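Residue numbers (the numbering used here), protein chains in the order written: chain A, 1 to 117; chain B, 1001 to 1413; chain C, 2001 to 2208. For reference, the structure discussed in these notes is given below.
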Amino acid sequence: MSGDRHLRGLVRPYVVTGGRAHASRNTFDAVTVVIATREQVSGLSPEKKRLMELCRGGALSVAEIAAHLSLPISVTKVLLSDLVDSGHIATHAAVSHTARPDMKLLKDVLDGLRARL
Amino acid sequence: MDRQTPATAFWILLAVVLIAVFLLVRQHRTTRALRVRAERAENWARARADEERHLVDARLPALAESLAHRPVEVPGARSPEAAESHERVLAQFADSVRQATERGEQSARATLKSMMRAVQSLSNEQQVAISAMQERHDDPDVLAGLMRIDHMNSQLNRRAQATAVLCGSWPGQQRSASPLTDVVRGATSRIRDYLRVNLPAESDVAVVSRAVEPVVLAVAELLDNAARHSPPNTSVEVNFQQAHNGMVVMIDDGGVGMTVEELHRAARLLAGDGGSDINRLGDPPQVGFAVIGVLAQRYGFRVSVDTRSPYGGVRAVVFLPTELLTRVSKPTMPDNAVALPPTPRPTGAVDDTVLGRTPGGLPRRRRTQPADQGTPPAPADQRIATGLAAWKRGTESGRATTPPPVAEGNTQA
Amino acid sequence: MASVLASDGLTSDGLAADGVYLRDTVRTAVKLLVVGPFAVGKTTFVGTLSEIRPLRTEETMTQAGALVDDLAGVDGKSTTTVALDFGRLTLSDELVLYLFGAPGQQRFTRVWKDIAYGALGALVLVDTRRLEQSFEVMGLLEELRIPYAVAVNTFDGAPAFPGDELRDALDLLPGTPLMSCDARDVTSSTQALVTLVEYLLTRNQENA
């Protein structure tokens, strides 16, 4: 079992976000993919440092970041918004939110799945 | 014969006179001795009466006061020889008062301890529920509310925990070893003005498992003190400093500091002296230093508040010896794939959607509405709203629907 | 334990070696839901297909944990909350598919909204021994107009029913795919998703 689970009970989410529940931007979905855009992490809170350290390796979705850091998705979004504002991370790919997915997208998905069979 | 008679009479008279004189003298002596004795006895009796009055009016009440921890001096006897037995009376009185007080204290402590356990238990359960909701809800407004509740719950829990500590309950081993930074942040979680606390850069030192909760509690009390006794527009500064055989956490506030009297009291309590006596905390009770003192003594760290802060207020210094510290190590991958223990699932709720059974015995449901309507999905918020409304509708219709006869037969079979 | 499993212990090198990160070329992420009642096999299904170790934003806490005295010992019961578990399949250089396993009874929570929003479709896992436990979540999908296919997870000892009877019991539309699937088997699980996406395509073409 990870130590994170205990720490999570120790440092409560309101301390992690500095009392904020609202993200500065509402562009994040659970599968929004983000990448780190800056190396420098000095002055960031421990969670943001961990987040940057995690994202330095490559692109990850919001849900994956939340799970790796053992933070609720909502809290992760607040931190991610701050980091976008400060230029530390950028949105890399977003989920397609069109009301009706286009045929090409569905065909691509189908092809990708069939290729695995 | 006649001549002899006067002589005889004379001698007899003389003898009588002598005897009388002797008797008189003896009588006189006796009387004098008796008078002296009587006087002495009278004096003695007066002294005893005096002393008894002194005992009842002054000494016993003073002793009772002093046994109740009030700063009263018990006066000595006025005439020590008259109060010999009184010392025994006083000793017995003190003894029985002490015993009664101790019994009272013990039972008060036991009662309070078990009450605090109940409060802590509820508060912990509440924290689990809050965490679960924070996990599940993505709406910032809900999160904001949850954070407020979480914050209040953490403060509530701290109070209960502090009281429990004073009643002889130990926070003990509840957490794994944690980085010092998180220990201090954990402490800030539990005070009202947590946003005023400025934390230092991360330290790679960690606190051993058994000391995490006690140190969190002690630091929380110090942070709370610092925040309470400094203007709301000032910050509370926390700093770490490596020491010869341990680590120091410094907490500075920009308040007015403490008086000499307060410092004395603080020093006494922080040394763990008399802290566990719940009858001596005053009204309103000053719990903080007493709790810290008890914890520090039990878990082997030291706390002092006698340094002046460079910001004008108090500098609280927590010294954590090497025995309570460990190093932070870095695993390469967090283990998030935890096995799922089976959770009982409420089954009653789904009955509304079951409409009888198929011939093979499968429960039957009814489509809520055609899935293929070709209309684009409504915005998410509305979708949730219609979901709720439809659930109500579905429940009502589910209840109202009479199951088909075949299905009914099968249910009974 | 001598050392701490630290919170800041995520080293990106270690994670990269484990194939945690997405390809840089990925431009589109899509998601499919895997839904069904507790212990129907969602976690297994996601785990079987996911290229990353299945992650779960789950909280396990010991309720009485914070009450434990030195002397009293640990006697706490634990409460587990499952928010969601999810997996990832990189389908091409540019396309990544996320699978979200979500329990059915969380229908009114915002996380449902969050993960259901923009989902291409859903695979409903059912267990024939407790079919009724999938009804609630199927109703929810219909409310949200998320197209779905139904897969019967083949448990050892679960009675087999004719497809028609299952369709009848589940009140499926004629076009809704119904298949059996072994959540432990990669091919079987992939085939279930293929069937679902084929259905989504057909449905899309019909409605176009």
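C-beta: ideal position from N, C-alpha, C; glycine also. If you're wondering where the values come from, they're calculated on a predicted model, not measured in any experiment.
At a cut-off of 7 Å between beta carbons, residue 1204(B) makes no contact with chain A.
Between residue 2051(C) and the set 2186(C), 2196(C) and 2195(C), the nearest pair of CA atoms involves 2186(C). By DSSP's assignment, residue 2098(C) forms a beta bridge with 2031(C) and 2088(C). Between residue 85(A) and chain C, the shortest Cβ-Cβ separation is not below 7 Å. At a C-beta separation below 8 Å, residue 2165(C) has these neighbours in chain B: 1358, 1359, 1360 and 1362. Assigned with DSSP and collapsed to three states, residue 89(A) falls in strand.
Restricting attention to 2123(C), 2134(C) and 2019(C), the CA atom closest to the CA of residue 2196(C) is found in 2123(C). The straight-line gap separating the alpha-carbon atoms of residue 1137(B) and residue 2120(C) is approximately 22 Å. Taking 9 Å as the Cβ-Cβ cut-off, the segment 2162-2194 of chain C approaches chain B at 2162, 2165, 2166, 2168, 2169, 2170, 2171, 2172, 2173, 2175 and 2176, given in chain order.
Fully enclosed alpha helix (DSSP H) runs of no fewer than 4 residues occupy 46-55 and 62-69 of the segment 42-74 of chain A, in order along the chain. Going by C-alpha positions, residue 1054(B) is about 19 Å away from residue 1041(B).
Rounded to whole angstroms, the separation of the alpha carbons of residue 1075(B) and residue 1083(B) is 12 Å. In the DSSP annotation of this structure, the continuous segment of the beta strand (DSSP E) that includes residue 1316(B) starts and ends at 1314-1321.
By the beta-carbon neighbour count (other beta carbons within 10 angstroms, threshold 16), residue 104(A) is exposed.
For the pair residue 2180(C) and residue 2030(C), the Cα-to-Cα distance works out to about 24 Å. Taking all protein chains shown into account, residue 92(A) has 16 or more neighbouring C-beta atoms within 10 Å of its C-beta and is therefore buried. At least one C-beta of chain B is nearer than 7 Å to the C-beta of residue 2142(C). Residue range 33-36 is occupied by the beta strand (DSSP E) that includes residue 35(A). Residue 1176(B) and residue 9(A) have their C-alpha atoms roughly 11 Å apart. One finds 2139, 2142 and 2143 in chain C with Cβ atoms closer than 7 Å to the Cβ of residue 1368(B), taken in chain order.
Here residue 48(A) is buried: its Cβ has 16 or more other Cβ atoms, across all protein chains shown, within 10 Å. DSSP, reduced to helix, strand and coil, places residue 1252(B) within a strand of the structure shown. As a beta-bridge residue in DSSP terms, residue 1307(B) pairs with 1315(B). Taking the Cα of residue 2022(C) as reference, the smallest distance to any Cα among 66(A), 76(A), 55(A) and 59(A) is reached at 59(A). For residue 1119(B), the closest Cβ of chain C is not nearer than 7 Å. For residue 18(A), the C-beta contacts it makes with chain B under 8 Å involve 1195, in order along the chain. For residue 1237(B), the nearest beta carbon of chain A is not closer than 7 Å to its own beta carbon. Residue 1304(B) holds the alpha-carbon nearest to the alpha-carbon of residue 1268(B) among 1063(B), 1304(B), 1248(B) and 1355(B). Taking the C-beta atoms as reference points, residue 1325(B) is found nearer than 7 Å to residue 1247(B). For residue 1143(B), the chain A residues whose C-beta falls within less than 7 Å of its own C-beta are 21 and 74, listed in chain order. Within chain A, no residue has its CB atom less than 8 Å from the CB of residue 1123(B), the nearest being about 12 Å off.
Between residue 1272(B) and residue 1313(B), the CB-CB gap reaches or exceeds 7 Å. Straight-line spacing of the CA atoms in residue 1063(B) and residue 1288(B) works out to 30 Å. Around residue 2160(C), the same chain offers no residue with a beta carbon nearer than 6 Å, after the five sequence neighbours per side are excluded.
Under the Cβ criterion of 7 Å, residue 1171(B) is not counted among the residues facing chain A.
Distance between residue 1145(B) and residue 1216(B), taken at the CA atoms: about 25 Å.
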